[in-house]
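**Q**
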Amino acid sequence: MRFVRQLLAAVLVAMIGGQAVGSVEDNPWLQLVLGLLTAVAAVLVHGWVVRRTEHRPSTEVAREGAEAAFGRGLLIGVAMFAAVITNIHFNAHYEINGLGSPSGAVGLIGFMAAAAVTEEVIFRGVLFRIIEERTGTWIALTLTGVLFGASHLLNPNADLWGAVAIAIEAGGMLAAAYAATRNLWVPIGLHFGWNYAAAGIFSTEVSGNDTPQGLLDTVTSGPAWVTGGDFGPEGSVYSVLFGVLTTAAFLWLAHRRGNMVPRRRSTGKATAATTTLPR
Numbered sequence: 038m039r040f041v042r043q044l045l046a047a048v049l050v051a052m053i054g055g056q057a058v059g060s061v062e063d064n065p066w067l068q069l070v071l072g073l074l075t076a077v078a079a080v081l082v083h084g085w086v087v088r089r090t091e092h093r094p095s096t097e098v099a100r101e102g103a104e105a106a107f108g109r110g111l112l113i114g115v116a117m118f119a120a121v122i123t124n125i126h127f128n129a130h131y132e133i134n135g136l137g138s139p140s141g142a143v144g145l146i147g148f149m150a151a152a153a154v155t156e157e158v159i160f161r162g163v164l165f166r167i168i169e170e171r172t173g174t175w176i177a178l179t180l181t182g183v184l185f186g187a188s189h190l191l192n193p194n195a196d197l198w199g200a201v202a203i204a205i206e207a208g209g210m211l212a213a214a215y216a217a218t219r220n221l222w223v224p225i226g227l228h229f230g231w232n233y234a235a236a237g238i239f240s241t242e243v244s245g246n247d248t249p250q251g252l253l254d255t256v257t258s259g260p261a262w263v264t265g266g267d268f269g270p271e272g273s274v275y276s277v278l279f280g281v282l283t284t285a286a287f288l289w290l291a292h293r294r295g296n297m298v299p300r301r302r303s304t305g306k307a308t309a310a311t312t313t314l315p316r
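Residues in the sequence shown are numbered consecutively from 38, following my numbering.
#1: Is it right to say residue 249 is buried, meaning 16 or more other beta carbons lie within 10 angstroms of its own, or is it exposed?
#2: What whole-angstrom Cβ distance do residue 202 and residue 277 have, given they're in contact under 8 Å?
#3: What first and last residue would you give for the alpha helix (DSSP H) that runs through residue 170?
#4: Do three or more CB pairs link the segment 117 to 130 to the segment 39 to 48 at distances below 8 Å?
#5: Starting from residue 104 and walking both ways along the beta strand (DSSP E), at which residues does that stretch end?
#6: Can you check which of these residues, 263, 270 and 174, is closest to residue 231 by C-alpha distance?
#7: For the candidate residues 216, 72 and 214, whose alpha-carbon lies nearest to that of residue 150?
#8: Write down the C-beta distance between residue 287 and residue 120 rounded to the nearest angstrom, noting that I regard them as a contact closer than 8 Å.
#9: What did DSSP end up calling residue 179 once you bin it into helix, strand or coil?
#10: In angstroms with no decimal places, state the Cα-to-Cα distance between residue 34 and residue 170.
#11: Tell me which same chain residues have a C-beta within less than 7 Å of the C-beta of residue 161, skipping the five on either side of it?
#12: In three-state DSSP terms, what is residue 188?
#13: Pull up the distance between the alpha-carbon of residue 268 and that of residue 293, whole angstroms please.
#14: Compute the Euclidean distance between the alpha carbons of residue 209 and residue 135, then round it to the nearest angstrom.
#15: Note down the Cα distance separating residue 298 from residue 177, rounded to an integer number of angstroms.
#16: Between the segment 68 to 85 and the segment 180 to 197, are three or more C-beta pairs nearer than 8 Å?
#17: How is residue 138 classed by DSSP in three states: helix, strand or coil?
#18: Using DSSP with H/G/I as helix, E/B as strand and the rest coil, what is residue 197?
#19: Quick check: what's the CA-CA separation for residue 81 versus residue 50?
#20: How would you label residue 282, buried or exposed, when you count the other beta carbons within 10 angstroms and need 16 or more for buried?
Right under this line is the structure:
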């Protein structure tokens with residue numbers, strides 16, 4: 038029952054917040070406020086439901102160390118996307134023509150914050166964490182990665198390759214980030230940093246969503262395997278490459294910290310692994 042209650046609570050916040058943010062897309066300042074409120078609500082509701090259903094402190098969203106952990110994830114996400122854009126620039130075509138929409142960039146902060154936090158709570162805070170308790174880290178990472186990629190097939194310009202790329206570069210990487218740190222703040226920061234760099238700064242498409250223009254006025258063209266085509270740079274082979282490398286780094290860190298959960302283990306070991314404090 039705890040799985041159902043936690044998942045329903047997270048999905049409900051995501052649905053209500055998503056509708057609210059989407060309804061004010063023409064007002065970037067209101068979108069900023071509603072997006073940030075949705076993000077805060079998702080964290081608070083998740084923490085409350087976990088405490089009620091598992092009778093333990095919700096360490097995965099603990100306030101202590103949250104800013105530093107979020108900041109680390111944010112820097113990784115922005116740096117990764119900058120590396121992808123750099124490769125697209127040199128191997129296809131990416132051009133900056135000046136300023137795009139500074140107000141649009143403001144609204145995208147709220148939009149991407151709401152998306153990043155609600156998706157991390159659902160996919161890593163609930164699905165990955167609870168599935169991992171029963172199946173171990175590797176199976177949970179694979180299953181939730183596939184689910185995360187498949188969920189992006191609902192986007193307007195989605196295709197099968199885009200969903201596969203998301204499953205590999207994001208679904209696996211973000212689960213590995215959670216496994217390495219045992220908190221949601223690093224994957225939330227990474228997710229937000231990547232998405233906001235893509236849309237809010239570099240003004241590229243995000244997951245085939247018809248993303249509005251961000252800070253820069255840019256033009257991208259070239260082979261789809263380099264640029265990602267209509268799906269956006271997340272469909273680029275470079276996104277997959279950097280995602281795999283980052284996933285491997287997080288899994289190495291998780292192994293080094295003893296955070297990898299085997300398929301069969303004692304209850305005591307499972308509890309210790311799933312409640313590790315941020316490091």
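Glycine included, C-beta positions come from ideal geometry on N, C-alpha and C.
**A** Taking the geometry as given:
#1: By the 10 Å Cβ count, residue 249 comes out buried.
#2: With a beta-carbon spacing of about 5 Å, residue 202 and residue 277 fall inside the 8 Å limit used to define contacts.
#3: First-last of the alpha helix (DSSP H) with residue 170: 166 to 172.
#4: Segment contact: the segment 117 to 130 against the segment 39 to 48, fewer than three CB-CB distances shorter than 8 Å; contact not assigned.
#5: First-last for residue 104: 103 to 128, but that is the alpha helix (DSSP H), not the beta strand (DSSP E).
#6: For the residues 263, 270 and 174, the minimum Cα distance to residue 231 belongs to 270.
#7: Measuring from the Cα of residue 150, the nearest candidate turns out to be 72.
#8: About 16 Å; that fails the 8 Å criterion.
#9: When secondary structure is reduced to three states using DSSP, residue 179 falls in the helix class.
#10: Because the chain here runs from 38 to 316, residue 34 falls outside it and cannot be looked at.
#11: Beyond the five residues adjoining it in sequence on each side, residue 161 comes within less than 7 Å, by CB distance, of 211, 212, 215, 221 and 224 in the same chain, given in chain order.
#12: In the displayed model, residue 188 falls within a helix according to three-state DSSP.
#13: Straight through space, the alpha carbons of residue 293 and residue 268 are spaced by roughly 36 Å.
#14: If you take the alpha carbons of residue 209 and residue 135, they lie about 35 Å apart.
#15: Using only the alpha carbons, I get a separation of about 10 Å.
#16: No, the segment 68 to 85 does not touch the segment 180 to 197.
#17: Residue 138 falls in the coil class under three-state DSSP.
#18: Residue 197: helix per DSSP, three-state reduction.
#19: Approximately 10 Å between the Cα atoms of the pair.
#20: Exposed is the call here.
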